[in-house]
Structures are given as structure tokens and as C-alpha cells.
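Engineer:
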Amino acid sequence: MSENRKLIKIATAGSVDDGKSTLIGRLLYDTKSLTTDKIEAIERSSKQRGYDYLDFSLATDGLVAEREQGITIDVAHIYFNTDKTNFIVADTPGHVEYTRNMVTGASTSQVAIILIDARKGVIEQTYRHFFIANLLRISHVVVAINKMDLVDYDEEVYLKIKADFDVLVAKSDFTEDQINFIPVSALKGENIARQSEEMPWYVGNTLLHHLEVLEPADLQESSVARFPVQYVIRPKTEAWHDFRGFSGMLYGGNLKVGDEVTLLPSMNTSTIKSIHYFDQEIQEAAPGSSIAITLDTEVDLSRGDMLVKSSSVPRSEKQLTATICQVNSKPLKVGGKYILQHGVNRVLAKVDQIESRIHTDFTGTETADQLKLNDIGRVHFRLSKPIHFDTYKENKANGSFILIEEGEYDTVSVGFIE
Numbered sequence: 001m002s003e004n005r006k007l008i009k010i011a012t013a014g015s016v017d018d019g020k021s022t023l024i025g026r027l028l029y030d031t032k033s034l035t036t037d038k039i040e041a042i043e044r045s046s047k048q049r050g051y052d053y054l055d056f057s058l059a060t061d062g063l064v065a066e067r068e069q070g071i072t073i074d075v076a077h078i079y080f081n082t083d084k085t086n087f088i089v090a091d092t093p094g095h096v097e098y099t100r101n102m103v104t105g106a107s108t109s110q111v112a113i114i115l116i117d118a119r120k121g122v123i124e125q126t127y128r129h130f131f132i133a134n135l136l137r138i139s140h141v142v143v144a145i146n147k148m149d150l151v152d153y154d155e156e157v158y159l160k161i162k163a164d165f166d167v168l169v170a171k172s173d174f175t176e177d178q179i180n181f182i183p184v185s186a187l188k189g190e191n192i193a194r195q196s197e198e199m200p201w202y203v204g205n206t207l208l209h210h211l212e213v214l215e216p217a218d219l220q221e222s223s224v225a226r227f228p229v230q231y232v233i234r235p236k237t238e239a240w241h242d243f244r245g246f247s248g249m250l251y252g253g254n255l256k257v258g259d260e261v262t263l264l265p266s267m268n269t270s271t272i273k274s275i276h277y278f279d280q281e282i283q284e285a286a287p288g289s290s291i292a293i294t295l296d297t298e299v300d301l302s303r304g305d306m307l308v309k310s311s312s313v314p315r316s317e318k319q320l321t322a323t324i325c326q327v328n329s330k331p332l333k334v335g336g337k338y339i340l341q342h343g344v345n346r347v348l349a350k351v352d353q354i355e356s357r358i359h360t361d362f363t364g365t366e367t368a369d370q371l372k373l374n375d376i377g378r379v380h381f382r383l384s385k386p387i388h389f390d391t392y393k394e395n396k397a398n399g400s401f402i403l404i405e406e407g408e409y410d411t412v413s414v415g416f417i418e
């Protein structure tokens with residue numbers, strides 16, 4: 001892959017029979033990302049099923065149960081590229097019983113493609129898909145109104161769905177959304193990689209071109225710098241005899257040589273002496289960079305500690321409130337004790353209160369004494385020791401965590417700190 005290509009991470013969501021897998025398969029086909037063997041297999045399977053067209057959903061539905069039922073169950077990460085861009089698509093299931101799969105699959109995405117069947121319009125599952133995109137702070141949403149061929153490419157149908165979705169957007173409190181509507185037919189290839197002659201009334205970009213012109217810098221979270229230490233590097237070689245660097249991934253904002261930083265939890269301060277990026281020494285590091293940092297003073301800093309700019313120290317508390325998505329069949333109950341993993345740091349946590357269960361159709365909340373599998377709710381926790389955190393809105397990496405069951409070490413919930 002070309003080093004000059006940019007990388008865009010996409011999550012897709014759609015209801016049953018919205019054509020999501022077909023859309024992704026069409027993108028793979030139109031970008032020549034399918035091997036000859038795969039295309040031949042799709043042709044054979046399509047003929048065996050009596051189709052007079054290529055069933056591109058067969059390119060992505062990997063599980064036997066998915067192919068048999070014609071639905072997406074598991075999360076699959078699909079890779080394809082154009083001359084300008086590398087894409088990673090998280091093909092997430094849209095059904096309510098797989099809400100946890102969509103939350104986890106879309107958690108690292110920069111763009112969400114929400115599919116709507118032109119015949120059905122905005123339905124209950126559309127609300128949930130948009131709610132989860134909001135929950136995960138995915139700021140760029142593409143609404144692909146699919147199967148336009150089945151409504152005779154009628155502009156009025158497109159405009160009606162667009163107006164209904166705008167009503168949904170108005171119910172959201174996430175004002176950073178960039179919503180783009182594209183009428184498509186994944187089966188026929190209309191407005192996927194080529195401009196549709198069937199819809200001359202649509203003057204926007206095709207789906208592929210729209211994704212290609214997106215810039216990662218515009219999709220990057222703009223926040224305060226957070227650098228959780230993952231490993232302390234001590235080579236002890238002749239060339240690097242006295243080297244002591246702190247390695248990890250930088251989140252939120254930039255760090256540069258000369259910045260005054262505060263070390264957490266000790267609250268000691270120091271100054272960045274050098275920043276190492278692979279085999280290079282750089283003056284400034286951008287969010288998402290895996291780097292090693294050296295400081296101008298000898299400090300006690302180890303795995304699980306954090307390095308931040310002294311001008312923007314995060315909160316440090318033993319209590320927190322978070323929006324929780326339950327990903328385990330065992331319900332979350334008041335009084336439950338868990339391991340809370342925040343970055344690479346782990347503390348003991350107790351469920352103090354389950355304030356409410358949140359409706360994913362933006363209709364409000366209801367009281368709840370427990371959260372079951374796929375439920376989303378607002379929960380208060382008490383911790384065994386303070387953690388240094390931001391809200392999820394302020395910094396995704398430092399504002400999220402997972403709950404782990406003690407003893408069995410199963411992941412129970414994912415949390416977004418408020």
C-alpha cells in the first residue's frame with residue numbers, strides 16, 4: 001500500500017434487508033478489491049440461488065449463519081483501497097439483539113454509514129443506529145438511502161426520507177454531526193462508484209468519491225493531549241546506555257519538545273526533552289502517534305501512569321458517572337463489584353446506583369434496577385482509588401473504560417464517562 005495514502009475508518013449500520021452487505025460488496029467490486037476467485041465464487045453462489053445478478057453480500061457475510069439467513073451477525077473488518085485512500089470498514093450488525101456488536105465494532109470509526117431502505121424510510125432501528133453514532137461521538141455520518149431502483153428512482157421518496165431524518169437529528173444533542181445524504185442502489189451500482197444516470201436530480205458526489213475526499217485531519221478528535229504510559233524503554237546498550245523513554249500512544253492533542261508536563265498520579269512536573277517516532281527524533285507528535293518520550297529530569301513513571309500538559313490536567317476522583325452499554329448476558333446490578341480498566345490502568349469498582357435505562361429512539365429514559373444484555377443506561381460508580389479521567393466528549397480515549405468480572409475476567413460492560 002502506498003505510504004502517501006490516507007486512512008479512513010468507517011462503520012456501517014443498517015436494518016435487516018437494507019442492503020448493507022451488498023453495499024460493501026459493491027464497493028469492493030467497484031474498487032477491484034475482490035480476487036478473481038472470490039468473484040467466481042460469488043457468480044457460482046448467485047446462480048445456485050437462482051439470481052440473475054451478482055449477490056455482492058456474499059463478499060462480506062462470512063459466517064454460515066449469516067449467509068443462510070441473509071443477515072449480518074458478527075463484526076467484520078473489511079479492507080479496500082483506491083489510489084488515494086485506504087479504507088477499513090467495520091461491518092456491524094444492525095439488529096437490536098446485536099447492539100453490543102455495533103457499539104464495539106464502531107468504537108474506533110471516524111465515519112458512520114447508516115443505510116435506509118427507500119421503500120421503508122426511517123424506522124425504529126434507524127433511530128438506534130444514529131443514537132449509537134452519537135454515543136460514540138462519530139462526527140461524520142453518511143445516510144445512504146438504498147434500493148432507489150425499487151422506488152423508480154423517485155426524488156420525492158428521497159426528499160421525504162431526508163426530511164424525516166432531519167427530524168431525528170433535531171432530537172439529538174450532538175451538534176457536531178456532519179450529515180450527508182446520498183441516494184444509491186447498491187445492487188445496480190448507482191451512485192456507488194459512478195454517477196447515476198437514473199437520478200439526474202441528485203447533483204452530489206457518489207458514495208466512494210464522498211469518502212475519498214474526506215480528510216483524516218478533519219475527522220480527528222480535537223482535544224487535550226493525553227499520554228498513558230504503556231512501557232518504559234531501557235535498552236542498556238552501548239549506544240543507548242543511559243536512555244530512559246516512556247512509550248505509548250498519544251491521544252487528543254499534540255505534544256512537542258519543551259512542553260511542561262505533569263506526571264500522574266504523582267503530580268510531579270517535568271519538561272519533554274525528546275520525542276522518538278520509530279527510528280526518528282521529532283519535534284512535535286500528533287494524536288494517534290505511537291511514540292517514546294524522554295524527560296529532562298529523573299522521575300518515577302511506570303506503566304499505567306499518565307503524562308499530560310501542565311496547563312490541562314484531567315479530573316482525579318474516586319467516583320464517576322458513565323453511560324454504560326451492557327455487553328454480557330449477566331446483568332449489571334447495584335452493588336456489583338468489578339475491575340474497571342481505564343486505558344492500561346485497573347482499579348476495583350462498585351456499582352453505586354443505576355440511575356436509568358436510556359431509550360435509543362431519543363424518547364427519554366426509564367427507571368431500572370439492572371441493565372441486561374444490549375441495554376444502555378446511566379450508572380454511578382465508586383472506585384477503590386482515584387483515576388485521572390476526562391469526559392468522553394472531551395477525550396474519547398481518556399473518557400472510556402471497560403468493566404471486567406472479577407475471577408472469570410469476562411468483559412461485562414463498556415462505559416463512556418460523563
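Counted from 1, the sequence shown has number 300 at position 300 by the UniProt record's numbering; the numbering is strictly sequential. Don't be surprised by glycine CBs; every beta carbon is placed ideally from N, CA and C.
1) If you draw a straight line from the alpha carbon of residue 183 to that of residue 341, how long is it in whole angstroms?
2) Go to residue 210, then tell me how far its beta strand (DSSP E) extends in each direction, as first and last residue.
3) Kindly indicate which residue of 132, 124, 125 and 87 has the alpha-carbon position closest to the one of residue 102.
4) Going by beta-carbon coordinates alone, are residue 140 and residue 27 separated by less than 8 Å?
5) Just reading off the beta strand (DSSP E) that residue 413 is part of, what are its end residues?
6) Report back the beta-carbon spacing between residue 77 and residue 90 to the nearest angstrom; my notes put them in contact at under 8 Å.
7) So, residue 322 versus residue 379, is the Cβ gap smaller than 8 Å?
8) When the distance is taken between beta carbons, is residue 112 closer than 8 Å to residue 11?
9) By the 10 Å Cβ neighbour count, where 16 or more other Cβ atoms means buried, how is residue 208 classified, buried or exposed?
10) For residue 114 versus residue 126, is the C-beta spacing smaller than 8 Å?
11) Under DSSP, the alpha helix (DSSP H) around residue 101 begins and ends at which residues?
12) For chain B, check one thing: does any of its Cβ atoms lie closer than 8 Å to the Cβ of residue 360?
13) Would you report the Cα separation of residue 416 and residue 307, rounded to the nearest angstrom?
14) Using DSSP's beta-bridge definition, name the partner residues of residue 337.
15) Are at least three pairs of beta-carbons, each pair with one atom in the region 381 to 396 and one in the region 330 to 346, less than 8 Å apart?
16) Does the count of Cβ pairs from the region 294 to 312 and the region 238 to 251 closer than 8 Å reach three?
17) Does the beta-carbon of residue 68 have 16 or more other beta-carbons within 10 angstroms, so that it is buried, or is it exposed?
18) To which residues of the same chain is residue 223 closer than 7 Å at the C-beta, ignoring the five residues directly before and after it?
19) Using DSSP with H/G/I as helix, E/B as strand and the rest coil, what is residue 247?
20) When the Cα of residue 30 is compared with those of 178, 289 and 191, which residue comes out closest?
21) Can you tell which of 242, 163 and 301 has the C-alpha that lies nearest to the C-alpha of residue 264?
22) Consult DSSP for residue 161 and reduce its assignment to one of helix, strand or coil.
23) At what residues does the beta strand (DSSP E) containing residue 260 begin and finish?
24) Sorted by chain position, which residues of the same chain lie with C-beta nearer than 7 Å to residue 345's C-beta, five sequence neighbours on each side aside?
25) Tell me the DSSP bridge mates of residue 395?
26) With C-beta atoms as the reference, is residue 354 less than 8 Å away from residue 377?
27) Could you name the residues of the same chain whose beta carbon sits closer than 6 Å to that of residue 329, not counting the 5 residues immediately before and after it, in chain order?
28) Does the beta-carbon of residue 21 have 16 or more other beta-carbons within 10 angstroms, so that it is buried, or is it exposed?
29) Does the region 222 to 238 touch the region 33 to 44, meaning 3 or more C-beta pairs lie closer than 8 Å?
30) Out of 196, 219 and 128, which has the shortest C-alpha to C-alpha gap to residue 147?
31) Does the distance between the C-beta of residue 223 and the nearest non-hydrogen atom of the ligand GDP fall short of 7 Å?
32) Report the three-state DSSP secondary structure of residue 25 (helix, strand or coil).
33) Look at the alpha carbon of residue 398 and the alpha carbon of residue 48, and state the distance between them as a whole number of angstroms.
34) Do residue 84 and residue 216 count as a contact pair if the criterion is CB distance below 8 Å?
35) Rounded to whole angstroms, what's the CA-CA distance from residue 149 to residue 188? Just pull it up for me.
Structural biologist: Let's see:
1) The residue labelled residue 183 in the question sits at position 183 within the sequence shown. The residue labelled residue 341 in the question sits at position 341 within the sequence shown. Residue 183 and residue 341: Cα-Cα distance of roughly 42 Å.
2) If you number the sequence shown from 1, residue 210 lands on position 210. It is not in any beta strand (DSSP E) - residue 210 instead sits in the alpha helix (DSSP H) that spans 207 to 212.
3) Locating residue 102 in the sequence shown gives position 102, where the first residue counts as 1. Cα-wise, what sits closest to residue 102 is 132.
4) Translated into positions along the sequence shown, residue 140 becomes position 140. Translated into positions along the sequence shown, residue 27 becomes position 27. Going by C-beta atoms, residue 140 is not nearer than 8 Å to residue 27.
5) Your numbering for residue 413 matches position 413 in the sequence shown. Element bounds for residue 413: 411 to 417.
6) Numbered from its first residue, the sequence shown carries residue 77 at position 77. Numbered from its first residue, the sequence shown carries residue 90 at position 90. Right, their Cβ atoms sit about 6 Å apart.
7) On the sequence shown, position 322 is the one that residue 322 refers to. On the sequence shown, position 379 is the one that residue 379 refers to. Cβ distance < 8 Å, so residue 322 and residue 379 count as in contact.
8) Counting from 1 along the sequence shown, the entry for residue 11 is found at position 11. Counting from 1 along the sequence shown, the entry for residue 112 is found at position 112. Yes.
9) The residue given as residue 208 occupies position 208 in the sequence shown. The residue in question, residue 208, is buried, as its Cβ has 16 or more Cβ neighbours within 10 Å.
10) Working through the sequence shown from its first residue, we reach residue 114 at position 114. Working through the sequence shown from its first residue, we reach residue 126 at position 126. Contact flag set, yes.
11) If you number the sequence shown from 1, residue 101 lands on position 101. Counting along the chain, the alpha helix (DSSP H) containing residue 101 begins and ends at 99 to 106.
12) No chain B is present in this structure, which holds just one protein chain.
13) Here the question's residue 416 lines up with position 416 in the sequence shown. Here the question's residue 307 lines up with position 307 in the sequence shown. Between residue 416 and residue 307, the C-alpha separation is close to 21 Å.
14) For the purposes of this step, residue 337 is taken as the residue at position 337 of the sequence shown. 350, per the DSSP bridge assignment.
15) yes
16) yes
17) Looking up residue 68 in the sequence shown gives position 68. In this prediction, residue 68 has a pLDDT of 44, which is less than 50 and means its spatial position is unreliable; what the coordinates show is noted afterwards. Exposed: under 16 other Cβ atoms inside 10 Å.
18) Residue mapping note: residue 223 aligns to position 223 of the sequence shown, counting from 1. Within the same chain, residue 223 has close Cβ partners 252, 253, 394 and 395.
19) On the sequence shown, residue 247 is found 247 positions in, with the first residue counted as 1. Strand, per DSSP.
20) Along the sequence shown, one-based indexing puts residue 30 at 30. Here the closest residue by C-alpha is 191.
21) The residue given as residue 264 occupies position 264 in the sequence shown. Out of 242, 163 and 301, 301 has the C-alpha closest to the C-alpha of residue 264.
22) Within the sequence shown, the letter at position 161 stands for residue 161. If DSSP states are grouped into helix, strand and coil, residue 161 belongs with the helices.
23) As a first step, residue 260 must be located in the sequence shown, where it is residue number 260. From DSSP, the beta strand (DSSP E) with residue 260 extends over 260 to 264.
24) The residue labelled residue 345 in the question sits at position 345 within the sequence shown. Closer than 7 Å at the Cβ level, and outside the excluded window around residue 345, lie 304 and 387.
25) As a working note, residue 395 is residue 395 in the sequence shown. Looking at the DSSP assignment, residue 395 forms no beta bridge with any residue, so it has no partner.
26) For the purposes of this step, residue 354 is taken as residue 354 along the sequence shown, with counting starting at 1. For the purposes of this step, residue 377 is taken as residue 377 along the sequence shown, with counting starting at 1. Yes, the Cβ-Cβ distance between residue 354 and residue 377 is below 8 Å.
27) Along the sequence shown, one-based indexing puts residue 329 at 329. Contacts found: 373.
28) Residue mapping note: residue 21 aligns to position 21 of the sequence shown, counting from 1. Burial call: buried.
29) no
30) Against the sequence shown, residue 147 aligns to sequence position 147. Comparing Cα positions, the closest option is 196.
31) The ligand GDP is absent from the structure shown, which contains no ligands of any kind.
32) The sequence position of residue 25 within the sequence shown is 25, counting from 1. Residue 25 falls in the helix class under three-state DSSP.
33) Locating residue 398 in the sequence shown gives position 398, counting from the first residue. Locating residue 48 in the sequence shown gives position 48, counting from the first residue. For residue 398 and residue 48, the distance between alpha carbons rounds to 50 Å.
34) By 1-based counting over the sequence shown, the position of residue 216 is 216. By 1-based counting over the sequence shown, the position of residue 84 is 84. No, the Cβ-Cβ distance between residue 216 and residue 84 is not below 8 Å.
35) Position 149 of the sequence shown holds residue 149. Position 188 of the sequence shown holds residue 188. About 8 Å.
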